[in-house]
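Read the structure below first, then the notes.
2 protein chains.
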Amino acid sequence: MEFIVNHDVFAKAVYEVSRMVPTKSHHAALSGIMIKAEAEGLEIIGCNSELMVKKKIPIQEGNSSVLQVLRNGKSVLFSKYVSEVVKKLPEDIHFTLKDNHSITIQSGEVIFNMNAYEEIEFPQFEASDSNFSIKMNGKSLLEMFVQTAFAAAKTNSRPVLSGVLMELNESVLTVGATNSNRLAVRKMPFDKVGQRSAIIPVSAVNEFIKLMGTDSEDVLIHFSDRQIVFQNQYISLTTRLIEGKYPEIRGLIPSGAIMEITMDRERLRQGVDRAAVLANESKNHTISLSVKEGSLLKITSHSNEIGKIEESQQILSHKGEIGISVSVDSQYLSDALKAIKEDHVMISFGGVMKPILIRPTDTENQMHIISPVRVK
Amino acid sequence: MEFIVNHDVFAKAVYEVSRMVPTKSHHAALSGIMIKAEAEGLEIIGCNSELMVKKKIPIQEGNSSVLQVLRNGKSVLFSKYVSEVVKKLPEDIHFTLKDNHSITIQSGEVIFNMNAYEEIEFPQFEASDSNFSIKMNGKSLLEMFVQTAFAAAKTNSRPVLSGVLMELNESVLTVGATNSNRLAVRKMPFDKVGQRSAIIPVSAVNEFIKLMGTDSEDVLIHFSDRQIVFQNQYISLTTRLIEGKYPEIRGLIPSGAIMEITMDRERLRQGVDRAAVLANESKNHTISLSVKEGSLLKITSHSNEIGKIEESQQILSHKGEIGISVSVDSQYLSDALKAIKEDHVMISFGGVMKPILIRPTDTENQMHIISPVRVK
Numbered sequence: 001m002e003f004i005v006n007h008d009v010f011a012k013a014v015y016e017v018s019r020m021v022p023t024k025s026h027h028a029a030l031s032g033i034m035i036k037a038e039a040e041g042l043e044i045i046g047c048n049s050e051l052m053v054k055k056k057i058p059i060q061e062g063n064s065s066v067l068q069v070l071r072n073g074k075s076v077l078f079s080k081y082v083s084e085v086v087k088k089l090p091e092d093i094h095f096t097l098k099d100n101h102s103i104t105i106q107s108g109e110v111i112f113n114m115n116a117y118e119e120i121e122f123p124q125f126e127a128s129d130s131n132f133s134i135k136m137n138g139k140s141l142l143e144m145f146v147q148t149a150f151a152a153a154k155t156n157s158r159p160v161l162s163g164v165l166m167e168l169n170e171s172v173l174t175v176g177a178t179n180s181n182r183l184a185v186r187k188m189p190f191d192k193v194g195q196r197s198a199i200i201p202v203s204a205v206n207e208f209i210k211l212m213g214t215d216s217e218d219v220l221i222h223f224s225d226r227q228i229v230f231q232n233q234y235i236s237l238t239t240r241l242i243e244g245k246y247p248e249i250r251g252l253i254p255s256g257a258i259m260e261i262t263m264d265r266e267r268l269r270q271g272v273d274r275a276a277v278l279a280n281e282s283k284n285h286t287i288s289l290s291v292k293e294g295s296l297l298k299i300t301s302h303s304n305e306i307g308k309i310e311e312s313q314q315i316l317s318h319k320g321e322i323g324i325s326v327s328v329d330s331q332y333l334s335d336a337l338k339a340i341k342e343d344h345v346m347i348s349f350g351g352v353m354k355p356i357l358i359r360p361t362d363t364e365n366q367m368h369i370i371s372p373v374r375v376k
Numbered sequence: 001m002e003f004i005v006n007h008d009v010f011a012k013a014v015y016e017v018s019r020m021v022p023t024k025s026h027h028a029a030l031s032g033i034m035i036k037a038e039a040e041g042l043e044i045i046g047c048n049s050e051l052m053v054k055k056k057i058p059i060q061e062g063n064s065s066v067l068q069v070l071r072n073g074k075s076v077l078f079s080k081y082v083s084e085v086v087k088k089l090p091e092d093i094h095f096t097l098k099d100n101h102s103i104t105i106q107s108g109e110v111i112f113n114m115n116a117y118e119e120i121e122f123p124q125f126e127a128s129d130s131n132f133s134i135k136m137n138g139k140s141l142l143e144m145f146v147q148t149a150f151a152a153a154k155t156n157s158r159p160v161l162s163g164v165l166m167e168l169n170e171s172v173l174t175v176g177a178t179n180s181n182r183l184a185v186r187k188m189p190f191d192k193v194g195q196r197s198a199i200i201p202v203s204a205v206n207e208f209i210k211l212m213g214t215d216s217e218d219v220l221i222h223f224s225d226r227q228i229v230f231q232n233q234y235i236s237l238t239t240r241l242i243e244g245k246y247p248e249i250r251g252l253i254p255s256g257a258i259m260e261i262t263m264d265r266e267r268l269r270q271g272v273d274r275a276a277v278l279a280n281e282s283k284n285h286t287i288s289l290s291v292k293e294g295s296l297l298k299i300t301s302h303s304n305e306i307g308k309i310e311e312s313q314q315i316l317s318h319k320g321e322i323g324i325s326v327s328v329d330s331q332y333l334s335d336a337l338k339a340i341k342e343d344h345v346m347i348s349f350g351g352v353m354k355p356i357l358i359r360p361t362d363t364e365n366q367m368h369i370i371s372p373v374r375v376k
């Protein structure tokens, strides 16, 4: 194998593929990335136990030549070192596989000789037959993930909850995540009719957010029984799915509000963040939201040792009863208010010990549900 | 005590004073800051076991009124919470000490009631009689500290080496730091004749760098036997000194180079950083510098497991012998090359197992000395 490649293009590709490869592993090749050179371009592949990223570097990008393949071949290299050295190289990179055990990377006056691994040890995912594919705008999918993934469980006590549900049901695409104390849901009307769902590990969703969300290209999504593949022109991300049954989202959405109020989202978020300073002293980051007479929302938190923060914010409009007080986790409320981009939010109260629901005032396509904290 | 203060000015002052106050302490008041309100302004004071920061907020800054003191007094508050809440407040702050045990901070619709500590417990430093003071430009002192403090010892095995030496000897001011394997020295001609030295804890030097270096105001430095005070118009920083005898700096500077070479500083720094990727695998981050025939400097590092990086850089000029090879800690060399701002550096070699000396080509007021690493 031998090729000459543009420094910036190669460094970016190696970085993107290496990022989630484990740097320490009991089996050396698990810390490797594979580089393949073929007439049509390079392919760089990295894996961990859950996901695989493949990046292609074409011969040309736009009108400029970025790659010249002199000899086809492939090699597995220690990802950490190839990534760290390559990003520091001064100019175009001349890459040569000398025999199966070592490569040379030359850039200007710099020569990096590196040991290579046996290719056979590289733990590539097997391709699985996909029997269902959809196509959608990459930025829309990114937004759906960003607005929900944070709500997935951080612990593994119920494996399905450490995943993000992606479900196509008739002509609605739903993405949702819950840790059983909060739930975030995004829906989108979809032009393809079908019935399919997948529980995607939250780490893979976060990798998607970093890798594929920045360009507005379409993303192809291939569902199969145990994997899902996200793919655009130059990158593909394959992830194993979490097996099991995800809780029925419809069943988690409270019905029958006794009061609804509309608030300025950013102002409320700032108020919640202020109250959170004391709330973080308590186990559940408890703050209390109280409505009295329907015109002011009072946000309160207190700590016996430190003191009490209290502020009142104007309610923009309200419906239903005029008095209620609910205690919630300030971090959950803050996350929900950050996920929403719209200026105004509606908060629905179902009762003192019932979950609250937060959504933009002008759409039901996004919902955040937070269970109350029991205050002693 | 009662005052109304501009939000940004108060938040910045509280942040600067709180930063080095310990957040957890067996004695609650040690995590506190003291706020004093007097006719001429506010004074905010924070301490840890080594240093004390005092910040003044005047009634006016330039032409704008920033403070209105309604009632004099003082109070000790839990620094972490007052700092975190104050920075999140929306507008001017109305601060009231209600009795000796609680204060109220009001800003717009936000009311923060906070417990206060008994003032008597606050661990202020005692003022000590200074018998020697000098005045110098704040930015110059900052530069002297930035270019040397990194070389101080990170461990405490010899307490004096975890300090930075500041010495006025006749009409030269010297700042230096060493961990016994490397030394960084800055000198400056000084218009005051005198003989005085102090070993300043590196944590205090780093606090000075954060607090006082940004404005070009003059800094007054008051030496006393066990403390040193740095002071400008609004801030003072008092630090305990490290007791003991600092190594004689003159004795650490090698004499009698067998070869001197001149290099492009930034290019060399980049080369050292590249080689460091593999060097970091070895205990002493060993890289090797070799000169052959006086025209090229070869920078090499290697790891049996990973491979070898090698590059050659043009020597701009040389004096003395034409061949040598020395192994040094790449991190030390990189730090020295970052500390120097000039475009060209001179490296003096004393011999294979002798320290190397790096300095800007056009001044002897800055020197970095690095001991060689013994390679097995």
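So the sequence lines, in the order shown, correspond to chains A and B. The working numbering puts the first residue of the first sequence at 1, with every later residue one more than the last. The working numbering puts the first residue of the second sequence at 1, with every later residue one more than the last. Every residue gets a Cβ at the ideal spot worked out from N, C-alpha and C, and that includes glycine.
In the DSSP assignment, asparagine 206(B) falls within the alpha helix (DSSP H) that extends over 202–212. Using a CB distance cut-off of 8 Å, isoleucine 309(A) counts as an interface residue toward chain B. By the rule that beta-carbons nearer than 8 Å mark a contact, glutamine 231(B) does not touch chain A. Residues are counted here when their Cβ sits less than 8 Å from a Cβ of chain B; for the segment 79–90 of chain A these are Tyr81, Glu84, Val85, Lys88, Leu89 and Pro90, given in chain order. Within the segment 264–275 of chain A, Gln270, Gly271, Asp273 and Arg274 place their CB atoms closer than 8 Å to a CB of chain B, listed in sequence order. Per the Cβ contact rule, the segment 362–372 of chain B is in contact with the segment 176–186 of chain B (3 or more Cβ pairs under 8 Å). Contact residues of the segment 310–325 of chain A toward chain B are Glu310, Glu311, Ser312 and Gln313 (C-beta to C-beta distance below 7 Å). For aspartate 335(B), there is no enclosing beta strand (DSSP E); the residue is found in the alpha helix (DSSP H) stretching over 330–339. Assignment of alanine 152(B) by DSSP, reduced to helix, strand and coil, places it in the coil class. A direct Cα-Cα distance of roughly 25 Å separates isoleucine 287(A) from serine 31(B). Per the Cβ contact rule, the segment 283–297 of chain B is in contact with the segment 312–330 of chain B (3 or more Cβ pairs under 8 Å). Remark: C-beta atoms of leucine 67(A) and histidine 7(A) do not approach each other more closely than 8 Å. Taking a Cβ-Cβ threshold of 7 Å, the residues of chain B close to glutamate 109(A) are Glu311, Ser312 and Gln313, in chain order.
Per DSSP, reduced to three states, the secondary structure at glutamine 233(B) is coil, with no helix or strand assignment.
Taking a Cβ-Cβ cut-off of 8 Å, methionine 166(B) has no neighbours in chain A, whose nearest Cβ is about 36 Å from it. Using beta-carbon distances, valine 291(B) does not count as an interface residue toward chain A, since no partner is under 8 Å.
Here the segment 299–314 of chain B makes no contact with the segment 105–118 of chain B; the two share fewer than three CB pairs at distances below 8 Å. Measuring C-alpha to C-alpha distances from lysine 12(B) to each of Ile44(B), Leu168(B) and Lys36(B) identifies Ile44(B) as the nearest.
Check the Cα spacing between serine 348(B) and each of Lys135(B), Ala339(B), Gly323(B) and Gln331(B): the tightest is with Gly323(B). Shown here, isoleucine 242(A) sits in coil according to DSSP, grouped into three states, outside any helix or strand. Across the set Val21(A), Asn63(A) and Gly73(A), the C-alpha of Val21(A) shows the shortest separation from the C-alpha of lysine 54(A). Of all alpha-carbon atoms in Lys308(B), Thr239(B), Ser255(B) and Ile261(B), the one lying nearest the alpha-carbon of glutamate 281(B) is that of Lys308(B).
For asparagine 113(A), the chain B residues whose Cβ falls inside 7 Å of its Cβ are Gly307 and Lys308, in order along the chain. When beta bridges are read from the DSSP output, phenylalanine 349(B) appears opposite Met259(B) and Ile356(B).
Beta-carbon to beta-carbon, glutamate 91(A) and serine 107(A) are separated by about 5 Å, close enough to satisfy the 8 Å threshold. Of all alpha-carbon atoms in Cys47(A), Glu305(A), His285(A) and Leu173(A), the one lying nearest the alpha-carbon of serine 334(A) is that of His285(A). Taking 3 residues as the shortest admissible run, the segment 94–154 of chain B contains the following complete beta strand (DSSP E) segments, listed from N- to C-terminal end: 102–107, 110–117 and 132–137. Judged by DSSP secondary structure, isoleucine 57(A) falls within the beta strand (DSSP E) whose first and last residues are 51–58.
With contact defined as three or more Cβ pairs closer than 8 Å, the segment 230–243 of chain A and the segment 194–204 of chain A are in contact. Here alanine 152(A) is buried. Its C-beta has 16 or more other C-beta atoms within 10 Å. Valine 69(A) and isoleucine 4(A) have their C-alpha atoms some 7 Å from each other. Within chain A, the residues whose beta carbon sits less than 8 Å from that of valine 277(B) are Tyr81, Glu84, Val85 and Lys88, listed in sequence order. If you draw a straight line from the Cα of tyrosine 246(A) to the Cα of isoleucine 57(A), it comes to about 38 Å. Note on threonine 178(A): 16 or more other CB atoms within 10 angstroms of its CB, so buried under the neighbour-count rule. With a threshold of 16 other beta carbon atoms within 10 Å, aspartate 225(A) falls short and is exposed.
Rounded to whole angstroms, the gap between the alpha carbons of valine 277(B) and lysine 87(A) is 11 Å.
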